[in-house]
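See below for the structure under consideration.
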Amino acid sequence: MKKLLSIVVLAIAFFVVAVQPPALAADSVHGKQIFQGNCNACHLGGKNTVNPQKTLSKEDLEKYGMFSADKIIYQVTNGKNAMPNFKRLGEDSIADVAAYVLEQAEGGWK
């Protein structure tokens with residue numbers, strides 16, 4: 000009886016995990032809208048008006064260890080130095096901004 004119960008529990012657990020929808024991918028189109036409304040003042044065209052040496056170009060992001068969604072999400076969420084935090088945007092919007100920044104950095108901010 001215990002063996003049957005264990006099998007049923009495992010089967011249910013497997014089914015629950017197997018049918019969960021996949022996590023949604025970040026939306027760079029939405030990220031662009033958020034970026035334009037919140038980041039353009041300092042980062043228009045991938046530049047940095049506060050610290051011109053640290054742009055959002057792929058080269059600079061790689062140079063400063065920031066060329067990853069996780070790193071960008073952390074910085075946007077928590078802020079750093081003169082950059083304020085943008086926690087108010089929420090996790091999904093911040094992930095979308097990170098996707099947009101990485102996409103633009105790859106393309107040279109054209």
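Note that numbering that gives the first Met the number 0 has the sequence shown beginning at 0, numbered continuously upward.
Virtual Cβ for every residue (Gly too), placed ideally from N, Cα, C.
As the structure is a computational prediction, the values presented were derived from the model and not from experiment.
In the DSSP assignment, Q103 falls within the alpha helix (DSSP H) that extends over E90 to G106. Within the same chain, K57, L60, L101 and A104 come within 8 Å of F66 by CB-CB distance, once the 5 residues on both sides are set aside. Our two residues, K46 and I6, have alpha carbons roughly 58 Å apart in a direct line.
Counted as a single uninterrupted DSSP element, the stretch harbouring N80 is not any alpha helix (DSSP H), since DSSP gives it neither H nor E. Scanning its chain for C-beta atoms nearer than 7 Å, with the 5 sequence neighbours on each side dropped, one finds around G78 the residues N84, in chain order.
Annotation for N39: the continuous alpha helix (DSSP H) segment containing it runs N39 to H42. When rounded, the separation of the alpha-carbon atoms in K70 and K2 is 46 Å. Between the C-alpha atoms of A68 and S27 there is a straight-line separation of about 12 Å.
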